[in-house]
RNA sequence: GCGCCCGUAGCUCAGCUGGAUAGAGUACCGCCCUCCGAAGGCGGGGGUCACAGGUUCGACUCCUGUCGGGCGCGCCA
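Numbering (the working numbering), first residue to last: 1 to 586.
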């Protein structure tokens, strides 16, 4: 509807430019919005006011010219000039009613568009290190990223969802060492567990699997291992040096193959856990991209080479540095350490180069807000090698703070005292978690009220929406019990009978859905959809309370049933895009 | 110290890329089931949009500064 009015205004604008009433170079982006106040009609445009300066005319005069030049349209029954120069449009009831057959015909595709057709978009999200289970912070990124991806999908983009697996690097070595030590303990060794190692229970689980399936194959005496270790922090030493020495010992004593076996056992165990967790969260990927593969295929080396050829790399203290400060970064960054190992940053540059080489027109990264300082250096690298940094959108997701019983749930990664995503799902359910996570703008800090998410009451916005859907289903069940019939074709013919205020409101809301979807997708703002669904459910509940649908008057009944069938479809579509179920009864 | 994000009703948050009288939910108060699910609906009170300037026909929205909260400033990932 909005698009139709924009087209009309565009045509009026062109004809005024041709007649010389407006300067030919005036090219404002035409804005049409829904009015908040019915006294202002159904839609309004501020076009005349935007043109006032360039045309050196009063807004109301321009509005008058536009109005005179406006092509006739069957859907528009009245146009008025109001206030400082708004042009208000009044649409015919038929224009609003047309959405009902459109919804019922398109079904679960209603609201979708083809504007992204032929364009490939990559969305990378979660990408948490496989050093432990996902926690509730990752959950928000998962819900947000998955929804953004699905929304773009609905806009016709070819969406490629990807999880970047950090299966290389020091953190993973620390995990491998942690697993090995727990394994040694299970094998009967007595040893002090390092300050800096992973202490979560899942490390025991991996170690147990390792011991169960391999016996004492990886066992070495602790005294032998400890012989080459410095003091740990608790003995006055450096915890970083200690854990690094321990990793070196593991590699030396186990040998490359066995070390890799222990390492991969931990990696695969945790990765399988993460995949399972996300699948239950209704989050799925086209591809799990291995960081290690970038080194193995030489992509990292090539990335460093490309940067060197661009002339933005120098050597200092035995390391290779990227002069990212040339591109707005705070300081220069190391690509290759003095020990010859490339950094995580080098891998990430290679990864982003790879993304662009794969031909994605747009690359979206969903990161935790704590990584925001990382954005400038990645864009700097893209710019240095001549790639377009604007092809990359980094969407930063703020943390969620959990509340239970009005109290903040304390979390700290250090002690392993964090709430996992799995625990959250078990406590509030996948639907509530998905919905609550995207209820807020991603850059907003979020208070996640566990009690509210769990509550089966009207306080809970998700139940409110799902209840509206279930209530429609319930009406159709009643229909059968009362031996009445529903004939959609008749209903669609009788939409003119829908003259009540509540029906008008509902028709208007249904018409908004495609616009909401487009805005939510293109701006990466799923919360718009969540809020819209709440409003649509409200319109339905209000209508439900005010009027009977299963009335004697067959034509009116068919019209009303067609309307609520459309409501049901749109709620189901919207919830589906949010990864939430639409139950037929609750 | 520097950089990024956020300050809107008691609380949790919207505010359609600068538009008309700033909106929901919740909490509080009062109503509505002989009726398709009351997990619902209707009505009421509640605001210096953190603060101070600036830009213009017009600012919650854009710019500058101040205050307050979060996060980040590794040859970790």
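Cβ coordinates follow ideal geometry from the N, Cα and C atoms, glycine included.
A quick note: this is a predicted structure, and the numbers were derived from the prediction, not measured.
Same chain only: Cβ atoms within 6 Å of residue i, ignoring 5 sequence neighbours per side
i, result
"residue 574", "529 and 533"
"residue 404", "450"
"residue 269", "206"
"residue 11", "71"
"residue 461", "534"
"residue 539", "505, 506 and 509"
"residue 15", "69"
"residue 445", "398"
Neighbourhood of residue i by C-beta, 8 Å cutoff - its chain only, sequence neighbours within 5 removed
i, result
"residue 102", "110"
"residue 5", "32, 43, 45, 76 and 89"
Cβ-Cβ distance between residue i and residue j below 8 Å
i, j, result
"residue 364", "residue 122", "yes"
"residue 192", "residue 232", "yes"
"residue 342", "residue 378", "no"
"residue 165", "residue 203", "no"
"residue 402", "residue 136", "yes"
"residue 589", "residue 79", "Look at the range of the chain in this structure, 1 to 586, and you will see that residue 589 is not part of it."
"residue 171", "residue 214", "no"
"residue 486", "residue 570", "no"
"residue 497", "residue 427", "no"
"residue 518", "residue 441", "no"
"residue 562", "residue 510", "no"
"residue 572", "residue 155", "no"
"residue 319", "residue 338", "yes"
"residue 304", "residue 346", "yes"
"residue 138", "residue 148", "no"
"residue 292", "residue 167", "yes"
"residue 250", "residue 177", "yes"
"residue 434", "residue 578", "yes"
Between the CA atoms of residue j and residue i - distance to the nearest angstrom
i, j, result
"residue 333", "residue 240", "21 Å"
"residue 93", "residue 36", "18 Å"
"residue 276", "residue 421", "11 Å"
"residue 469", "residue 585", "8 Å"
"residue 414", "residue 144", "Confidence in residue 414 is poor, its pLDDT being 49 and thus under 50, which makes the residue's placement too unreliable to answer from."
"residue 210", "residue 322", "41 Å"
"residue 104", "residue 112", "13 Å"
"residue 55", "residue 362", "38 Å"
"residue 53", "residue 59", "9 Å"
"residue 234", "residue 195", "7 Å"
"residue 381", "residue 151", "29 Å"
"residue 26", "residue 17", "8 Å"
"residue 545", "residue 502", "10 Å"
"residue 325", "residue 197", "34 Å"
"residue 372", "residue 141", "14 Å"
"residue 29", "residue 429", "44 Å"
"residue 13", "residue 114", "27 Å"
"residue 247", "residue 317", "25 Å"
Residue range of the unbroken alpha helix (DSSP H) whose run includes residue i
i, result
"residue 538", "526 to 546"
"residue 501", "501 to 522"
"residue 275", "239 to 280"
"residue 355", "344 to 357"
"residue 563", "554 to 577"
"residue 78", "Counting along the chain, residue 78 falls outside any alpha helix (DSSP H), though it belongs to the beta strand (DSSP E) covering 76 to 82."
"residue 335", "Residue 335 -> not in any alpha helix (DSSP H); beta strand (DSSP E) instead, spanning 333 to 336."
"residue 326", "Where residue 326 is concerned, there is no enclosing alpha helix (DSSP H), given that its DSSP letter is neither H nor E."
Close beta carbons around residue i, own chain, < 7 Å, minus the five adjacent residues each side
i, result
"residue 285", "161, 162 and 163"
"residue 220", "253"
"residue 466", "582, 583 and 586"
"residue 515", "2"
"residue 383", "327 and 389"
"residue 186", "207, 208 and 211"
Boundaries (first-last residue) of the beta strand (DSSP E) holding residue i
i, result
"residue 316", "313 to 316"
"residue 446", "446 to 449"
"residue 91", "86 to 91"
"residue 287", "287 to 290"
"residue 122", "120 to 124"
"residue 370", "First-last for residue 370: undefined, no H or E at that position."
"residue 379", "Looking at the DSSP string, residue 379 is not in any beta strand (DSSP E); the run it does join, the alpha helix (DSSP H), is 375 to 384."
Check: residue i C-beta below 7 Å from any heavy atom of the ligand SAH
i, result
"residue 539", "The model depicted lacks the ligand SAH and carries no ligand whatsoever."
Legend entry - Within the region 15 to 60, ranges of the beta strand (DSSP E) (whole runs, at least 3 residues): 32 to 34 and 43 to 45
Inset, instruction - Could you name each continuous beta strand (DSSP E) segment of 3 residues or more that falls completely within the region 410 to 496, going from the start of the chain to the end? - result: 446 to 449
Inset, instruction - Pick out the complete alpha helix (DSSP H) segments inside the region 140 to 197, 4 residues or longer, and give them in chain order. - result: 170 to 186
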